[in-house]
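In UniProt numbering, the protein residues as written are 1 to 243.
Everything below concerns the one structure shown next.
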Amino acid sequence: MARRRQLYEGKAKVIFEGPEPGTLVCYFKDDATAFNNQKKGTITGKGVLNNRISEFLMLRLQDLGIPTHFLRRLNMREQLVREVEIIPVEVIVRNVAAGSMAKRLGIPEGTPLPRSIVEYCYKSDELGDPLISEEHITAFGWASPQDIDDFLAMSLRVNDFLSGIFLGIGIKLVDFKLEFGRIYDENGDVRIVLADELSPDNMRLWDVNTGEKMDKDRFRRDMGNVEEAYREVARRLGVLPEG
Ligand code: C5P
């Protein structure tokens, strides 16, 4: 196969030009970073597992009618996606207090939230993805009020659906991050679609029975058995690659 032109290298993925216009190839790396790049490492096999896990979850969401950038998995580490204009807003949905929100508000990690809470962060490595409000999003023109309604509606549907999928395999979906992008069709109409990936890199997943963490916090907090945790998530979802 002809060498593809690399467009961008991120922390966990490399993006190449796709075979057709309007498509991109995402290559999933084993590299892991945390605390805004201050901690770096590798999780052997992570790219292969996240490629599978994200494929599985994106396809289930598409079945539900949620538009995503995902087209198809190409091989162990690559997937074909639609090229989107990434909106520089990260949408975080939380069901249980953990991570930065637990710290910021002094709520013990593990406290169930009275209802799901949605937060927004400005996507900027330089600034460490600061927390923002809807006011910032609309005032600075990152997205319109209608876009925000779309983020919110899609994020809550994704939360309900993923919470159910994970509960069915004995896992609590504690929180997760979504990214959205815009696709412009031939008539100039714009559609908002779910982009990026859905994997233990951007979700917190706790075993329902033991409370054990099965996500990137094992790497962030030096808890060990990181690869094993990702493999166990893939195994329970029924997408563990052979070998
Ligand atoms: O660190 P924090 O508690 O804000 O993270 C909330 C959720 O969003 C976690 O599941 C984390 O993995 C995810 N996240 C992410 N990328 C970021 C920030 C958070 O995937 N830049």
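Note that beta-carbon positions come from the ideal geometry of N, C-alpha and C, so glycine has one too.
Treat the numbers as computed from the prediction; the structure is a model and nothing was measured.
Residue i in three-state terms, based on DSSP
i	result
Q62	helix
L162	helix
L194	strand
G47	helix
R73	strand
E78	strand
I53	helix
Closest Cα partner of residue i within the set the options
i	options	result
V89	N37, D196, E55, F16	D196
E134	V48, V190, C121	C121
R231	I15, I43, K11, K39	I43
L71	K39, G22, K40	G22
K123	L49, K177, A139, L105	K177
P130	R104, T111, D147	R104
Cross-strand partners of residue i (DSSP beta bridge)
i	result
M203	F176
D189	The partner list for D189 (beta bridge, DSSP) is empty, contrary to what the question assumes.
Y8	I15
D31	T42
K213	W206
L240	DSSP output for L240 lists no bridge partner at all.
R182	E85, I192
I171	D207
V25	F16, L80
Proximity below 8 Å, CB of residue i to CB of residue j
i	j	result
V193	L61	no
P200	M223	no
N51	Q79	yes
R3	E17	no
K46	E227	yes
I66	D175	no
G170	D207	yes
R220	A98	no
R77	V48	yes
G128	N36	yes
**OP:** Would you list, in sequence order, the uninterrupted beta strand (DSSP E) runs of no fewer than 3 residues that lie entirely inside the region 80-155?
**Re:** 85-96, 112-122
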